[in-house]
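Protein chains in written order, with this note's numbering: chain C, 77 to 302; chain W, 80 to 675.
Using N, Cα and C, we set each Cβ at its ideal position, and we do this for glycine too.
Treat the numbers as computed from the prediction; the structure is a model and nothing was measured.
Take a look at the structure set out below.
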Amino acid sequence: MYALEAKSLFKSYRTRGKKTEVLKNLSLQVKKGEMVAIMGSSGSGKTTLLHNLSGIDLPDSGEVFVDGKELSSFTREELALFRRRNFGMVFQDFQLLESLTVGENILLPMILDKRSEKEQKQRLQKMLKLAEIEELEERGITELSGGQKQRVAIARALVQEPNLIFADEPTGNLDGQTAENILGCMLELNRKTGVSMLIVTHDSRAASFCQRILRLEHGGVKDDVL
Amino acid sequence: MTFFEISMKMFRKNFIRYRLYFLGCFLASTVFFCFATIFTNPSFMDGQVVNSMISNNIIFPSILAAVILLVFVPCSYAVFFSAREQEYGIMLSLGMSRRMACQGLILEGIALGVLALGASFVAGTCFSAIFYAMISQIIGITQLRWRIPYEAYSVTAFLYGIALVFAAVYTSIRVMGKRIRLLLLAPYQAEQKGRAYHWVKKCFPGYMGKHLLEISLLVRHRRDWLMRTVFSALLVGFVLYLVSFCSVFQSAILRDVENYCPYDLAYSEMFGKNNVSPQELAAVLEEHNVTITETTQISYARDAAFNYLSVSEVNKKLGCSYRIPAGTFLNLFQYELEDGYDYDLVEIPHISLKIEDEGEKEGQAPNIEASLQSCGSDVRILFNKNATLADRTLILNDRDFDKLKSNRNYWYGTMYLFQLQNWRESQAGVLAFQSFLQEKNQVTPKEQRYFRADAKIERYLEARQSGQFAMFLLCFVEALLLLAAFLLIRFRITAEQEENRRLQKSLFMIGMSEAERYRLFLFKNRVRFLSPLALSMMFSLIVSYKMGENVYHSGKMGCLASMVAALILLVLTALYTVFYSRRELVCTSYGRNTER
Ligand SMILES: Nc1ncnc2c1ncn2[C@@H]1O[C@H](COP(=O)(O)OP(=O)(O)OP(=O)(O)O)[C@@H](O)[C@H]1O
Ligand SMILES: [Mg+2]
Chain C
77 MYALEAKSLF
87 KSYRTRGKKT
97 EVLKNLSLQV
107 KKGEMVAIMG
117 SSGSGKTTLL
127 HNLSGIDLPD
137 SGEVFVDGKE
147 LSSFTREELA
157 LFRRRNFGMV
167 FQDFQLLESL
177 TVGENILLPM
187 ILDKRSEKEQ
197 KQRLQKMLKL
207 AEIEELEERG
217 ITELSGGQKQ
227 RVAIARALVQ
237 EPNLIFADEP
247 TGNLDGQTAE
257 NILGCMLELN
267 RKTGVSMLIV
277 THDSRAASFC
287 QRILRLEHGG
297 VKDDVL
Chain W
80 MTFFEISMKM
90 FRKNFIRYRL
100 YFLGCFLAST
110 VFFCFATIFT
120 NPSFMDGQVV
130 NSMISNNIIF
140 PSILAAVILL
150 VFVPCSYAVF
160 FSAREQEYGI
170 MLSLGMSRRM
180 ACQGLILEGI
190 ALGVLALGAS
200 FVAGTCFSAI
210 FYAMISQIIG
220 ITQLRWRIPY
230 EAYSVTAFLY
240 GIALVFAAVY
250 TSIRVMGKRI
260 RLLLLAPYQA
270 EQKGRAYHWV
280 KKCFPGYMGK
290 HLLEISLLVR
300 HRRDWLMRTV
310 FSALLVGFVL
320 YLVSFCSVFQ
330 SAILRDVENY
340 CPYDLAYSEM
350 FGKNNVSPQE
360 LAAVLEEHNV
370 TITETTQISY
380 ARDAAFNYLS
390 VSEVNKKLGC
400 SYRIPAGTFL
410 NLFQYELEDG
420 YDYDLVEIPH
430 ISLKIEDEGE
440 KEGQAPNIEA
450 SLQSCGSDVR
460 ILFNKNATLA
470 DRTLILNDRD
480 FDKLKSNRNY
490 WYGTMYLFQL
500 QNWRESQAGV
510 LAFQSFLQEK
520 NQVTPKEQRY
530 FRADAKIERY
540 LEARQSGQFA
550 MFLLCFVEAL
560 LLLAAFLLIR
570 FRITAEQEEN
580 RRLQKSLFMI
590 GMSEAERYRL
600 FLFKNRVRFL
610 SPLALSMMFS
620 LIVSYKMGEN
630 VYHSGKMGCL
640 ASMVAALILL
650 VLTALYTVFY
660 SRRELVCTSY
670 GRNTER
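This is the structure:
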């Protein structure tokens, strides 16, 4: 059984009557504990793919299985619960809540899951340290640099110790050293906990942390085993 | 930290964004509440205490206030929701359940809504006390008593509750239905550009190139804006029409009084009541320095349906020249046709009179029916109405009239009609005469209502009071409508604040100066605020001229008044846009978002 499996996904956008086909009969598999990089030119549909795999958006047709369960077989409430427990998301544009502080943003998934105060505190400290943003805990989101926001987004994705992480260019705004540190941490997490990861990146150095690289081209994927 | 704490924090942080929602709810319910304190006041709606001509004036504005309440609460809720859309999108993407999101949104919306309702009760209570004081002081409706308006609280809360629940349910349906991806994108989504835009672009590429920014700003969310522009143009147009109505209404109802009261004072002697000679009247009036200049007496007969007059008396005493052959009658309609009301001018073709025929022999039934045919009709006000007269009047040939006289199936009376030297100063004299009549009739004040004299001065004062009251209410209504139109536009602009902030940032980044950005915003706001106004001017010009001309014969006057009002609005709005654009520029300026 795969941690994540997609079968012949189709997805298109319709703008002003014109249809843009982004995903065309795309299938992929991610094994448990695998770290997979997705590469592809800009506009090739990487973000779209992540959204459709993670249940943020619905494909036009095709199926997505997570741990053997098909996403569309869940009710919406079940899906919300499932995603909260099992998925960690890093968005390309971060999607942080400006009305909350850094710490609160990171804790949001745990808060939604009604985890205990003690647990929250512990996890938060760990995450702040991992993302190297201990001193930013009380800051507002609007007071952060792009790279800092990115690190907050990563910390938020990891805070629940999910089974599956979807990261859209998690190191796009970071300098080489910081990026390497964070990817190193993610790799360590992967080794320790066996979390599967799907990382969109343009950076071949970042991709080299992964066990497998998928190339997104013409709406489908090509496997590049390292 | 629990979800509740987080929600509260976001709520507090966002409070400033909700102030328009709060304000919209607050204003709509305060205004409705003020009207509710009046129409739920039993003494006001009691015809015995307050003339129904006055109290009926409250109905229309109250309905309007209710409609505005019902439209505005959901409208402002939508703005409130759009401010939170992305936040909820993020939380949904982190695995919050839709149910929880709905609960959160509803809880916030309702909490704020209830807060606004409470505030409006406090403000409305004070406000209504002032309202009452104004009504009694300025307009002189002194019978009205202010008291704690319990019914108004419940009526307002009920209506407001309906609006709020509707809004909450509607918003929840939207949250439930929208995809997370779209919620995340919400603040970035501008509508697609329409066909007109592409057409203009093709036909005037030069113009488009020069004003690309301005035009793209205008066509952003064009569907929503079109709807809003038309709707607020209708509201403002209605205000302008009301202004023109106000400008002719007062003079129109006073003119009506003059039309319907050809005599300054009139009463009828009938059923043995009002048995007062003109000399006695003169004596009473003389005490109050009121002099009679002209006296007319006309005898008449009546039954349940008609007054009957003889043609020779009408011709001689009321200055007419009717010719009515024996066996016929004339339908007299005492209406002013051009006063704006519709009248039923259907002639009665024939009537059966119970006439004692002198030529008949003894022993036969004393009453036989004689049938009279109509010989036509006339529309003319010959004498004042009063309570002892029937509603309709027929004029008969003298011979037929004389036959009625000796018949006990009809009542007889004498109408006394007077002109006074100066009717405008006759109030005290008339009042004294009314109580003189009551004493003479030996009836209770309630019964005396059926025998009261009809005095021009009383009708005049009543009409003036009613007119002033209507005017007073209409002013409130106008203010209300203007506010509604204003908020309709302001709400939308505020909802676009985030977009504008990003826009300004990009413009700043590409080197657009502050002055240039200001001009851009000014242009946008001018179009937003002034286009409904311009539209409404056209709309009201036509309507108020037509209505004014048809109904009150003062279309030009009405037009002038509404155009003056429109110009004042235009200037005020133009000034406001200058002020507001400056403010918007500052509020959405780049760098400002780090200050929060
Ligand atoms: N909401 C939308 N409506 C219409 N087309 C869209 C929409 N979102 C994305 N697209 C189109 O779909 C295609 C794939 O977009 P996507 O964001 O998935 O690309 P990407 O691979 O993530 O690119 P990048 O590396 O630049 O982030 C692009 O051509 C884009 O123009
Ligand atoms: Mg992308």
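N-terminal and C-terminal residue of the alpha helix (DSSP H) that residue i is part of
i                 : result
Tyr539 of chain W : 535-574
Ala275 of chain W : 274-282
Tyr232 of chain W : 229-256
Gly188 of chain W : 177-213
Tyr495 of chain W : Note, Tyr495 of chain W: premise wrong, no alpha helix (DSSP H); beta strand (DSSP E) at 490-499.
Ala107 of chain W : 98-118
Proximal residues to residue i (C-beta, below 6 Å), its chain only, five neighbours per side dropped
i                 : result
Ala243 of chain C : Val166, Ile275
Val322 of chain W : Ala640, Ser641, Ala644
Phe118 of chain W : Ile137, Ser141
Val622 of chain W : Tyr320
Ile377 of chain W : Glu392, Lys396, Met494
Ser505 of chain W : Val369, Leu499, Ile536
Thr151 of chain C : none
N- and C-terminal bounds of the beta strand (DSSP E) containing residue i
i                 : result
Val355 of chain W : That residue, Val355 of chain W, is in no beta strand (DSSP E); it is neither H nor E in DSSP.
Nonlocal neighbours in the same chain, by C-beta distance under 8 Å from residue i, ignoring five residues either side
i                 : result
Leu609 of chain W : Leu649, Thr652, Ala653, Thr656
Val297 of chain C : Leu102, Ser103, Leu104, Ile114, Leu290, Arg291
Same chain only: Cβ atoms within 7 Å of residue i, ignoring 5 sequence neighbours per side
i                 : result
Phe679 of chain W : It is not possible to answer for residue 679 of chain W, since the shown part of chain W is limited to 80 through 675.
Asp303 of chain W : Arg571
Leu200 of chain C : Gly179, Ile182, Leu183
Pro31 of chain C  : Outside the shown range of chain C (77 to 302) lies residue 31 of chain C, about which nothing can therefore be said.
Ala208 of chain W : Trp225
Leu618 of chain W : This sequence places Phe at residue 618 of chain W; Leu is not what is there. Once the five neighbours on either side are set aside, the close Cβ partners of Phe618 of chain W are Ala312, Gly316.
Beta-carbon spacing of residue i, residue j below 8 Å
i                 : j                 : result
Cys340 of chain W : Lys535 of chain W : yes
Leu390 of chain W : Asn476 of chain W : Residue 390 of chain W is actually Val in this sequence, not Leu. Cβ atoms of Val390 of chain W and Asn476 of chain W: closer than 8 Å.
Phe668 of chain W : Gln583 of chain W : The identity of residue 668 of chain W in the sequence shown is Ser, whereas the question assumes Phe. Yes, these two residues count as a Cβ contact at 8 Å.
Cys638 of chain W : Leu620 of chain W : yes
Phe163 of chain C : Leu265 of chain C : no
Asp479 of chain W : Ala405 of chain W : yes
Leu99 of chain W  : Arg569 of chain W : yes
Phe408 of chain W : Leu461 of chain W : no
Thr247 of chain C : Thr277 of chain C : yes
Leu516 of chain W : Phe497 of chain W : no
Leu333 of chain W : Arg543 of chain W : yes
Ser118 of chain C : Leu292 of chain C : no
Gln105 of chain C : Glu81 of chain C  : yes
Tyr495 of chain W : Val336 of chain W : no
Val369 of chain W : Leu510 of chain W : no
Asn463 of chain W : Asn353 of chain W : no
Ala282 of chain C : Leu259 of chain C : yes
Cutoff 8 Å: residue i Cβ touching any chain C Cβ
i                 : result
Lys88 of chain W  : yes
Thr81 of chain W  : yes
Ile568 of chain W : no
Asn93 of chain W  : yes
Arg178 of chain W : yes
Ile85 of chain W  : yes
Min CB distance residue i to chain W below 8 Å
i                 : result
Leu126 of chain C : no
Ser84 of chain C  : no
Ile182 of chain C : no
Gln171 of chain C : yes
Met165 of chain C : yes
Lys225 of chain C : no
Pro185 of chain C : yes
Asp133 of chain C : yes
Ala156 of chain C : yes
Arg159 of chain C : yes
Leu99 of chain C  : no
*asked:* Please list, in chain order, the residues of the segment 135-154 of chain C that have any C-beta partner in chain W closer than 8 Å.
replied: Arg152, Glu153
_Residues of the segment 154-175 of chain W whose Cβ lies closer than 9 Å to any Cβ of chain C, in chain order_ = Gln165, Glu166, Gly168, Ile169, Met170, Leu171, Ser172, Leu173, Gly174, Met175
*Taking a cut of 9 Å between CB atoms, which residues from the segment 235-264 of chain W lie near chain C?*
Met255, Arg258, Ile259, Arg260, Leu261, Leu263
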